[in-house]
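Here the numbering used here is used: the first residue of the sequence shown is -13, the next is one more, and so on.
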Amino acid sequence: PFDIIKSLCTKDTHAPLYFILLHFWMKIFGIHDIIIRLFSVIHGILIIPIFYLIGKEISSRKAGFLLALFASFNSFLIYYSQEVRFYALAALFGAISILFLVKVIKKPKLRNYIGLILANVGVLYTFTIGFIFVFCEAFIILAYFCKNRRWPEIKHFIYAQLVTLTLFIPYLAVIIQQYNAQIKGYISSFSFFESFNYASILLLLQNWFSPYVSGIVYPNLHYYEELLLNGIKPEFIIFAVMPVTICLIGIIKTLQKRNIVSLVFGVGVLLIFIEIILTFMGKLAITPRYAILAFPAFLTAAVYGLVSFKSRVLSGLLISLLIFTNLYYLAFSPHSIQRYPSSQGYGTVARILNKYDLNSGDILLMPMEGRFLGKYYSLKDINLLDFTVGDICLDSNILLGAKLTDILTKENAHDKLRNYILSPKIPYSFENYIKTNVVDKLERGRYFIIVMPAGLKPFDENLLTNIAVNDKIYKNISLYYLLTSKAAINLNKIVQKYFSTEAIIKKDEWEIYILKKV
-13 PFDIIKSLCT KDTHAPLYFI LLHFWMKIFG IHDIIIRLFS VIHGILIIPI
37 FYLIGKEISS RKAGFLLALF ASFNSFLIYY SQEVRFYALA ALFGAISILF
87 LVKVIKKPKL RNYIGLILAN VGVLYTFTIG FIFVFCEAFI ILAYFCKNRR
137 WPEIKHFIYA QLVTLTLFIP YLAVIIQQYN AQIKGYISSF SFFESFNYAS
187 ILLLLQNWFS PYVSGIVYPN LHYYEELLLN GIKPEFIIFA VMPVTICLIG
237 IIKTLQKRNI VSLVFGVGVL LIFIEIILTF MGKLAITPRY AILAFPAFLT
287 AAVYGLVSFK SRVLSGLLIS LLIFTNLYYL AFSPHSIQRY PSSQGYGTVA
337 RILNKYDLNS GDILLMPMEG RFLGKYYSLK DINLLDFTVG DICLDSNILL
387 GAKLTDILTK ENAHDKLRNY ILSPKIPYSF ENYIKTNVVD KLERGRYFII
437 VMPAGLKPFD ENLLTNIAVN DKIYKNISLY YLLTSKAAIN LNKIVQKYFS
487 TEAIIKKDEW EIYILKKV
């Protein structure tokens, strides 16, 4: 666990709770792929009864049953309940927090405050930006209590927030360390996302409320433009537009009620609003997963509104259509979420590596989260080179050399790096790093394996040069992709000097280079 926290301080920006729990889960139950994914599946299953309790608390057993039903076949939740990532756990804590928030508003008893505190501490230790969610809850509820002059509850609620903060203090030092590492970097951690536009919100709603998911991990902000150019298909209208429209109708109905559910929805809206502001500032990106803590509030508001119509016929029709579109798509569409490719897919890499006689005399370079490969492939059998894409974003001297790195800031990086991108010369620091840590350590005939996501090098050398000489295009393209492309190009030039290419394998969004030292 302490090694996990140390790694998160220096190599990552994620909160530690999920990784610590996963560590002990793997110690107890093993490292088989199914066992590891089961950890997230459990979180996805547990959120279903929590939604039932939320629905029952805000309305009735019927609302609870329908809310749990919609959660059980929600494509967004299904996807992250099968990923080895912390998002399902974050959604679970977020839903529990909403449940106890409703209880505190209705019955401000000690046990309800304890539940709210523990749920929010879980959020804070699971999701780095969880503090925004906790702030939104506090702001909305304090405003509600003040408006209704519930002065004793204000005092108790503030005490609860202070207890939550106190329990979070042990991790604040890590947060500060992560923040300092980020501000030193010359590339924003979110620079691999495009800038905010309104398609972000539309994709958010589509992935949350419909089975017709698109860009659930990395949103394509030109998705709707491409959709219009290629022609809108009936399938999109039925399985995307209709479910989203029905859920929005439910939300509008909820807002008309102006009751406790509107407060819950307000927490989600405020969270999205703050994330939009941070996106404009280049500090965040609007994606379904980064906004996952707002999802329970949105789903609750949608379902509550649908069961609140006085006309049982209208309510039943809308609910039936929502159930039908989701279940039909999940059961019969070849593009349903259970058939959606994993955002990681390390099992593919492991199966390919197992075909080669690799041992501790070989070296693996996997710059995109290579440490996670250890869940599928024994890293004791190969040396994993400690160089990641984080070294591009977080002030690395290896890639560029200290002289250039020391003068880079987020404001001047595009201008200062243009000559590096245009130069055919490989920086001495990078070539020396590869020579010292790979070439000199490998015996003749041993393997150097390079594993990269296909999208890590979007530009070849000619295209990269053409981009760099066109100022307008150059300034509008993320430095992240410019530099990952340049690093991949330079790495290819280096390995050609010392290695023969045994195989280049492209499968499931991965590119794997099997190189042998000559």
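Quick reminder that beta carbons are idealized off the backbone N, C-alpha and C, glycines included.
Values in this document were obtained by computation on a predicted structure and should not be read as measured data.
Pick from Asp401, Tyr342, Asp457, Leu148: whose alpha carbon is nearest that of Ala489?
Tyr342
What is the DSSP secondary structure of Pro439, counted as helix, strand or coil?
In this structure, DSSP gives Pro439 an extended state, which the three-state scheme calls strand.
First and last residue of the beta strand (DSSP E) that includes Ala489?
Per DSSP, Ala489 belongs to the beta strand (DSSP E) from 485 to 493.
Cβ neighbour criterion (16 or more within 10 Å) applied to Trp496
buried
Which class does Ile338 belong to by DSSP, given the choice of helix, strand or coil?
DSSP places Ile338 in helix when its eight states are reduced to three.
Inter-residue CB distance, Leu75 and Glu123 (contact presumed, cutoff 8 Å):
Not confirmed; about 18 Å, so no contact.
Flag this pair as yes or no: are the beta carbons of Leu359 and Phe56 separated by less than 9 Å?
no
Buried versus exposed call for Asn106 [16 or more other C-beta atoms within 10 Å across all chains shown]:
By the 10 Å Cβ count, Asn106 comes out buried.
Pull up the distance between the alpha-carbon of Ile217 and that of Tyr290, whole angstroms please.
According to the sequence as given, residue 217 is Gly; it is not Ile. Going from the Cα of Gly217 to the Cα of Tyr290 covers about 34 Å.
Have a look at Phe37 and Lys427 and give me their C-alpha separation to the nearest angstrom.
Approximately 55 Å between the Cα atoms of the pair.
Is the segment 51 to 68 touching the segment 12 to 20 in the sense that three or more CB pairs, one from each, lie closer than 8 Å?
no
One question on the structure: do Ile480 and Lys421 come within less than 9 Å of each other, judged by their Cβ atoms?
yes
Identity of the residues DSSP links to Glu212 by a beta bridge:
BP columns for Glu212 are empty, so no partner.
Could you spell out where the beta strand (DSSP E) holding Glu69 opens and where it closes?
Taken as a continuous stretch (DSSP letters only), Glu69 belongs to no beta strand (DSSP E), as it is neither H nor E.
My guess is that Lys503 and Arg430 are in contact by the Cβ rule of under 8 Å, so how many angstroms apart are they, rounded?
5 Å
Can you tell me whether DSSP reads Glu429 as helix, strand or coil?
In the three-state reduction of the DSSP assignment, Glu429 falls in the coil class.
Select from Leu442, Phe119, Lys396 the residue whose C-alpha is nearest the C-alpha of Met267.
Lys396
Distance, Ile202 Cα to Leu450 Cα
28 Å
Check whether the Cβ atoms of Ala77 and Ile40 lie closer than 9 Å to each other.
Not closer than 9 Å, so no.
Out of Phe5, Ile144, Pro439, Leu256, which has the shortest C-alpha to C-alpha gap to Val335?
Pro439
Comparing C-alpha positions only, which one of Pro274, Leu151, Met228 sits nearest to Ser200?
Pro274
I want to know whether the segment 87 to 103 touches the segment 136 to 153 - three or more CB-CB distances under 8 Å.
yes
Would you check if there are 3 or more beta carbon pairs closer than 8 Å linking the segment 220 to 231 to the segment 180 to 198?
yes
Give me the Cα-Cα distance between Val255 and Ser248, rounded to the nearest whole angstrom.
Cα to Cα, Val255 sits roughly 10 Å from Ser248.
So, are the CB atoms of Leu292 and Gly236 less than 9 Å apart?
yes
Let me check understanding here. Comparing Cα to Cα, which of Phe5, Lys402, Ala129 lies closest to Tyr460?
Lys402
Among His9, Ser58, Lys296, whose alpha-carbon lies nearest the alpha-carbon of Asn312?
Ser58
Would you tell me roughly how many angstroms separate the C-alpha atoms of Tyr406 and Gln482, rounded to the nearest one?
20 Å
Would you kindly work out how many angstroms separate the C-alpha atoms of Leu110 and Val160, rounded to a whole number?
12 Å
To the nearest angstrom, how far is it from the Cα of Leu52 to the Cα of Ile258?
25 Å
So for Phe113, helix, strand or coil by DSSP?
DSSP places Phe113 in coil when its eight states are reduced to three.
Please check the pair Thr150 and Ile91, which I expect to be a contact at CB under 8 Å, by giving their CB distance rounded to whole angstroms.
Contact flag wrong, Cβ pair sits at about 17 Å.
Quick one: what's got a C-beta closer than 8 Å to Ile384's C-beta in the same chain, skipping five residues either side?
Phe373, Asp377, Ser415, Phe416, Tyr419
Shortest alpha-carbon distance to Ala127 belongs to which of Ile262, Lys493, Gln147, Ile349?
Checking the sequence shown, residue 127 turns out to be Ile, not Ala. For Ile127, the nearest C-alpha among the options comes from Gln147.
In the structure shown, what three-state DSSP assignment does Phe434 receive?
Strand, per DSSP.
Separation of Phe25 from Gly252, as counted between CA atoms:
C-alpha separation (whole angstroms): 31 Å.
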